[in-house]
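As structure tokens, then:
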């Protein structure tokens, strides 16, 4: 019989730990007792031990399904170092190495064998002929089309439960929302699995968002304050990785670019160089870092905004795995949002992916504690500020937003929690459009109770309510807005709410503001503002102002309403209606230049 003393002894002997981390012991025990499990545990939380230790304790060989060769090699090397017989099998190996691994497997000399999902069918006869102890599916979010790293080969894994009905299947991932979790359970045929969710709170990670102006020079200034530290810069495109790397090298930094255009041999060489501290800086597309157990990454920079919060969280999680402080900077620009929207437009679940992108954008624009916003997104509700993010360090102006929040929550409730954010805003502002009238929403009690508030400001407040865990968006249910238990406490128990007055644009720290920004960046901001106003009014963007008007606005940079009226294409009505928004955007932009 395997007891707690047995597992603790194995833990101490093979991994060097005297006690389990939070949740580890329960997960290990569930697997040992034959239960299927789904574990959501942050990067650096110790999830590998959760399947490696049961593999040691149980009779037979554990099959570990892993998506990347680098991940397999990294973990097998660590296991072998810990005295645990393990191997990996993949198509990149020479035939002699593959044959040697299969012989060890047949002879019962392996406690764990790591395989890629693509290799499973070829190895099925071998697995049928041996004693399998358990099956672990690492990076399990790859099985789900709802997930942020969908990998088609993972979808074949459902047959494993049929082939090994009496063996526990343990699925692991660092990030998965409720839709992804259900998809994992369904596709793996483990609907009765025990679900374990560890805290997503990585207290050692400092979170900061900066405007995307002059980002390369901001990065260079940042790196000069952190010599000899390891870090990763994530870019959206292969071209960006090459350009950023070239500029860093020109400034005297040791950096290498990593992207899918490199040969497998070259990518492996770069990974090894980074893992072994020979190359301190990697500039990469998002494929880099999954499963690489480098504990001393001191900073992670997102040169571009990620497409969803899951991806962002997983990538920042590659810093500070040793528990020491790590710094995270996200550069945010509207241009990135536009580009990411183009990427998702043709996806099979485009609406869902765009909703995810919108939440990522809302996080970047958050005026409340970023850690609270991040944790609330994953269903972990906190109320105390972290004092370890840029918003907490330089807080905005707050006010008592209890009554405002009650009005919003009341509208969501009266709309039966079936409508999107846009419809909720329209109802609160008393919008007179066909969408509202068709459903008879002009007759509900909350119609028009916030008519004096602009669409943009109300949207900002709702974003804060989302980030504070008062509201949630059901992405896989047409993006409908729903109330949380905290919302009920606000509605019925007068729970107080503090909201921040909206900042019209993000502002960089004064010391990092660019000295010479180009006009095209201001033009981009004006275009995005125009799009937001057009969305509010439900009219085409060019009806607000033409590009020619925005170009003239960019050139003139008006400071008063009178000057604004001099801009090409701006009449009295449009000046009255829109001047304060555009004047504010220009003023904020100019303040960043000084």
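In UniProt numbering, the protein residues as written are 1 to 594.
Just so it is clear, CB atoms sit at the ideal spot from N, CA and C, and this is done for glycine as well.
Computed from a prediction, not measured in an experiment: that's the story for all the values here.
Close-in-space but distant-in-sequence residues of the same chain around residue 465 (CB under 7 Å, 5 per side omitted): 405, 408 and 471
Inter-residue spacing [alpha-carbon to alpha-carbon] between residue 256 and residue 413: 52 Å
For residue 457, the nearest candidate out of 379, 355 and 366 (CA to CA): Of the listed residues, the one whose Cα sits closest to residue 457 is 366.
Nonlocal neighbours in the same chain, by C-beta distance under 7 Å from residue 546, ignoring five residues either side: 569
Distance CB(residue 76)-CB(residue 54) smaller than 7 Å: no
C-beta atoms of residue 104 and residue 110 nearer than 7 Å: yes
Whole-angstrom C-beta distance between residue 39 and residue 132, which should lie under 8 Å: Rounded, the Cβ-Cβ distance is 20 Å, inconsistent with contact.
Cβ-Cβ distance between residue 502 and residue 460 below 7 Å: yes
Delimiting residues of the beta strand (DSSP E) encompassing residue 170: Segment 169-173, the beta strand (DSSP E) holding residue 170.
Other residues of its chain near residue 377: CB distance less than 6 Å, five sequence neighbours each side excluded: 309
Per DSSP, the bridge partner or partners of residue 302: 234 and 330
Alpha-carbon spacing of residue 295 relative to residue 385, whole angstroms: Just so you know, the alpha carbons of residue 295 and residue 385 end up roughly 26 Å apart.
Coil, strand or helix - residue 588 by DSSP: helix
The segment 328-342 touching the segment 428-442, judged by at least three CB pairs closer than 8 Å: no
Alpha carbon of residue 441 to alpha carbon of residue 450, nearest angstrom: 14 Å
Element boundaries [alpha helix (DSSP H), containing residue 220]: Where residue 220 is concerned, the enclosing alpha helix (DSSP H) stretches over 215-224.
Beta-carbon spacing of residue 361, residue 391 below 7 Å: no
Counted within 10 angstroms of its Cβ, other Cβ atoms place residue 30 as buried (16 or more) or exposed: buried
Cβ pair count under 8 Å reaching 3, the segment 154-169 against the segment 261-280: no
Residue span of the beta strand (DSSP E) that contains residue 92, given as start and end: Neither: residue 92 is in no beta strand (DSSP E) and is coded neither H nor E.
Residue 194 (DSSP reduced to helix, strand or coil): strand
Terminal residues of the alpha helix (DSSP H) in which residue 410 lies: 402-414
Same chain, Cβ closer than 7 Å to residue 381, neighbours up to 5 away in sequence not counted: 469 and 486, listed in sequence order.
Range covered by the alpha helix (DSSP H) that runs through residue 456: 455-467
Reduced DSSP secondary structure (H/G/I, E/B, other) of residue 205: Assignment of residue 205 by DSSP, reduced to helix, strand and coil, places it in the strand class.
From 201, 191, 194 and 252, residue whose alpha carbon lies closest to that of residue 174: 201
Backbone CA spacing between residue 562 and residue 473 [nearest angstrom]: 42 Å
Within 7 Å, strictly: CB atoms of residue 481 and residue 402: no
Cβ pair residue 153, residue 208 closer than 7 Å: no
Residue range of the unbroken alpha helix (DSSP H) whose run includes residue 377: Here the alpha helix (DSSP H) through residue 377 covers 370-377.
Residue 544 vs residue 534 beta-carbon contact at 7 Å: yes
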